[in-house]
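Working notes, structure below.
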Amino acid sequence: MDQTPPLDSNNHVDSNVTGSIGENAPRNPGGSVNHPAAPTKKKRSRMKLLVVSGLGLMVFAAASIGGAEYYTSRPNFCGSCHVMDPYFDSWSHDVHGKKAGVLCVECHYAPGEQHTVRAKFRGLSQAASYFSGRYGAGRPRAHVNNGSCLTSECHGDGNGTRLADEHMNKSLLIGEPRTETRLIAGLPTEVERKPTVRFVHAKHQLIDERITLNKRDLTVVGDRLRKALPPEAFKRVEAAVQSVKDASRRQADLIALLKQLGHDAHSADALEFMRLEHMRVRLAQLADLNCAACHTYDAGGSNHFRVDTTTCFTCHFTHQAFNRDTGECLKCHEPPTRQIVVHAPVAGTSTTAAAGALMDHQDIVARGIDCASCHADVIQGQSDVTARDCTHCHDQSKFIEEFEARTTQTVEEYHRVHVGGQHARCTDCHRTIHHALIEPEFVGSRAEFLKPVVDDCQHCHPSHHREQVELLMGVGGAGIDRPMPNAMFGSRLNCKACHSEPGSDFKGDPLVKATEETCLKCHGEDYRTVFQQWRGEIASQLAEARAALQRVDDRIKAVGVRAQSLPPRIRDGIENARTNIRLIETGNGVHNRTYAVSLLDLASRDLDAALAELSRL
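Just so you know, we're using this note's numbering here: the sequence shown kicks off at 3 and counts up by one.
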């Protein structure tokens with residue numbers, strides 16, 4: 003069969019012929035066409051171009067990504083957003099940026115986090131905010147993971163879990179030398195002051211042994227109290243121990259409760275139980291701390307971050323008595339080593355005294371003189387937390403339903419969630435405590451110096467008005483087991499409701515008194531005589547009880563040693579009567595007429611029984 007392709011009029015192969023025969027198909031000697039086994043030269047060139055272009059694009063993309071990764075990791079890129087200006091400026095002046103050249107990403111990403119998918123999505127969201135122009139909607143809030151600080155290249159021990167020993171045990175001076183003005187010999191005089199606070203990380207971080215010892219002591223004291231008290235009494239004492247009131251208030255409440263329960267002999271153990279429980283919570287809070295809790299951004303200084311001493315004050319002073327437990331002065335301060343002039347010379351004194359009085363802190367400490375004698379002004383304010391503070395973040399009532407009933411256990415949980423889990427700072431919840439001396443030139447010339455002491459009545463009067471409060475609550479008496487509170491006490495009325503009339507005390511000093519006029523404002527004219535009737539009734543019964551107690555005491559004195567043979571119930575009855583009479587005398591029975599009359603009736607019966615028993619001796 004002839005397979006020669008058709009020819010055109012010029013004897014050329016017809017180019018319009020379609021099929022399997024190519025335009026330049028090679029022929030074999032027999033005239034047949036061979037099919038192509040490989041791409042043409044033109045196609046091969048095109049494929050090479052595509053491959054080279056693809057590889058080039060891949061290299062370009064990789065280089066672009068690498069370049070973008072490098073560029074976006076530079077501090078200058080972070081500083082390109084105007085909201086980052088103050089942070090970039092402080093970094094550029096800080097030792098970490100200016101001297102060590104630490105990059106932003108080296109701290110603000112935890113070790114190994116920078117190249118994770120999560121980190122890339124964070125970066126994409128930041129880039130989207132940047133290009134959309136919405137990055138200025140709020141204040142940036144960054145958290146530096148402990149791991150970033152604790153790498154072996156920085157401050158860590160190589161394991162990334164704790165400080166290196168050189169940092170852990172180093173004694174660091176807190177504060178800067180300064181010049182202050184004192185009044186010496188009546189003249190303003192500049193005095194150089196050096197820092198007296200030394201901080202050691204180990205005391206705050208290596209706490210496992212302290213936690214173990216605290217747990218052991220808490221168990222020992224708790225078991226001792228549990229054995230000494232009836233189950234219901236121990237339950238009430240344990241609840242009082244877990245109170246988060248101010249130290250002086252919770253201690254006074256605990257002592258009053260033990261007295262009411264008739265177990266005040268165990269006050270020392272109960273107070274120690276309370277101290278250990280609150281120390282347990284403080285240690286648990288230390289375990290939740292991270293580097294950023296104390297080392298925070300310095301908004302007003304030349305450093306990128308600094309030690310926020312407010313954190314120190316919040317932990318050490320919140321609800322603590324002055325110079326006690328975590329607030330003990332010498333836990334942080336070293337006594338100054340030099341003598342200081344404390345006041346000007348007294349007129350008419352000898353030449354030796356003309357230079358004024360010198361005081362040596364070392365000697366004062368050695369003699370056990372309380373720091374509060376001179377420095378009661380150094381703590382100003384309370385770092386209380388209120389339910390209103392919680393609503394800044396929690397707008398649903400379910401989050402604050404149990405706030406008022408919080409105990410040491412709930413406070414511990416608050417810290418675990420907010421500080422340990424969410425990296426909250428002290429000032430996010432707590433009000434600020436100030437810890438500093440009043441300016442020396444004001445001491446002796448301004449009343450503010452005495453204000454902290456004048457406002458703290460309980461310093462000089464530790465049980466001031468305790469009896470009045472006990473009468474209002476219907477507790478504190480002996481022989482009546484159940485509380486008998488004043489009806490008004492449960493109606494949200496406080497002292498000011500009745501004490502509203504101006505008067506004076508026996509010294510002539512101003513005093514706000516309660517009179518029958520106060521009763522009439524709420525109860526009307528029908529109660530005009532009630533106040534005086536109550537006073538007269540209580541005064542009459544109190545006089546009878548006093549007279550009966552005097553007769554018993556006289557009889558005991560008359561019989562001498564034979565009084566020791568009285569049955570225990572009679573001796574207890576006499577002491578109970580003495581306690582109840584003193585409570586009514588000191589607290590004024592009109593604060594709770596029903597309870598006062600009941601106590602005086604009981605006292606009279608006990609004293610009559612005692613007198614009858616004594617008459618047989």
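For each residue, glycine too, the CB sits at the ideal point set by N, CA and C.
Note that the structure is predicted; figures quoted are calculated from it, not measured.
Please identify the residue among I371, Q207, Q341 and R212 whose C-alpha is closest to the C-alpha of C293.
It is Q207.
Put H501 into one of helix, strand or coil per three-state DSSP.
Note: H501 maps to coil in three-state DSSP.
Enumerate in chain order the residues of its own chain whose CB-to-CB distance from E115 is below 6 Å, with the five nearest sequence positions on each side excluded.
Same-chain partners within the cutoff: A121.
State the Cα-Cα distance for the pair C392 and G125, rounded to the nearest angstrom.
Looking at the two C-alpha atoms, the distance is approximately 31 Å.
Taking N594 and N496 to be in contact with their CB atoms under 8 Å, please state how far apart those CB atoms are, rounded to whole angstroms.
Actually they are not in contact, since the Cβ atoms of N594 and N496 sit about 14 Å apart, beyond 8 Å.
If you run the structure through DSSP and keep just helix, strand and coil, what is Y299?
Three-state DSSP puts Y299 in a strand.
Go to R200, then tell me how far its beta strand (DSSP E) extends in each direction, as first and last residue.
Start and end: V199 to F201.
Q382 bridges to which residues according to DSSP?
DSSP lists H436 as partners of Q382.
So, using beta-carbon positions, are I2 and L609 closer together than 8 Å?
Nothing about residue 2 can be read from this structure; the chain reaches only from 3 to 619.
Spatial neighbours of I342 within its chain, please: CB distance less than 6 Å, with the 5 preceding and 5 following residues excluded, ordered by chain position.
Excluding residues within five positions, the ones whose Cβ falls inside 6 Å are M361.
Report yes or no: do the region 552-567 and the region 421-439 share at least 3 C-beta pairs separated by less than 8 Å?
No: fewer than three Cβ pairs fall under 8 Å.
Among A204, S269, R180 and E178, which has the Cα closest to the Cα of N2?
Outside the shown range of the chain, which is 3 to 619, sits residue 2, and nothing can be said about it.
Taking buried to mean at least 16 other C-beta atoms within 10 Å of its own C-beta, is E615 buried or exposed?
When all chains shown are included, E615 counts as buried.
Quick one: grab the DSSP three-state call for P233.
Of the three classes helix, strand and coil, the one that applies to P233 here is helix, per DSSP.
Hey, G526 and Q262: beta-carbon distance below 8 Å or not?
No; because the gap between Cβ atoms is not below 8 Å, this pair is not in contact.
Indicate whether R568 and I482 have their beta-carbon atoms separated by less than 8 Å.
First, the residue type needs correcting, since residue 568 is Leu and not Arg in the sequence shown. No.
Counting pairs of Cβ atoms below 8 Å between the region 405-423 and the region 239-246, do you hit three or more?
Touching, yes.
Tell me where the alpha helix (DSSP H) around I586 begins and ends.
Its alpha helix (DSSP H) spans residues P570 to G589.
Within the same chain, show all residues whose beta-carbon is closer than 6 Å to that of G589, passing over the 5 residues directly before and after it, in chain order.
Contacts found: E469, Q470 and L473.
Would you kindly work out how many angstroms separate the C-alpha atoms of A579 and H265, rounded to a whole number?
Approximately 17 Å, taken between the alpha carbons.
Compare the Cα-Cα distances from C521 to each of R308, F533, L513 and T320 and report the closest residue.
Per the Cα distances, F533.
Would you tell me roughly how many angstroms separate the C-alpha atoms of L220 and L288, rounded to the nearest one?
When rounded, the distance between both Cα atoms is 18 Å.
Have a look at S606 and A547 and give me their C-alpha separation to the nearest angstrom.
Straight-line Cα distance between these residues: approximately 6 Å.
Considering just the uninterrupted stretch of the beta strand (DSSP E) at I482, what are its terminal residues?
Looking at the DSSP string, I482 is not in any beta strand (DSSP E), and its letter there is neither H nor E.
Let me check understanding here. Comparing Cα to Cα, which of A368, A426, E519 and M281 lies closest to R326?
It is M281.
If you reduce the DSSP assignment to three classes, tell me which class L165 lands in.
L165: strand per DSSP, three-state reduction.
For the alpha helix (DSSP H) containing K636, name the first residue and the last one.
The first residue shown for the chain is 3 and the last is 619, placing residue 636 beyond what the model contains.
With F307 as the anchor, note down where its beta strand (DSSP E) starts and where it stops.
That run of the beta strand (DSSP E) goes F307 to V309.
Hey, T191 and T183: beta-carbon distance below 8 Å or not?
Contact: yes.
Output the boundary residues of the alpha helix (DSSP H) element that contains K559.
From DSSP, the alpha helix (DSSP H) with K559 extends over V532 to V561.
DSSP on A139, reduced to helix/strand/coil?
At A139, the pLDDT of 49 sits below 50, so the modelled position is not reliable; the number obtained from the coordinates is stated separately. The answer is coil: DSSP assigns A139 none of H, G, I, E or B.
How is K515 classed by DSSP in three states: helix, strand or coil?
Strand at K515.
Please go through the same chain and pick out, in chain order, the residues whose beta-carbon is closer than 6 Å to the beta-carbon of A565, but skip the five residues on each side of it.
If we look at A565 and ignore the five residues flanking it on each side, its Cβ neighbours are I558.
Please return the same chain residues whose Cβ sits closer than 6 Å to the Cβ of L619, not counting the five positions on each side in sequence.
Same-chain partners within the cutoff: V561 and R564.
Please identify the residue among R284, L227 and R200 whose C-alpha is closest to the C-alpha of L332.
Considering only alpha carbons, the answer is R200.
In angstroms, rounded to a whole number, what distance separates the CA positions of A130 and G158?
About 35 Å.
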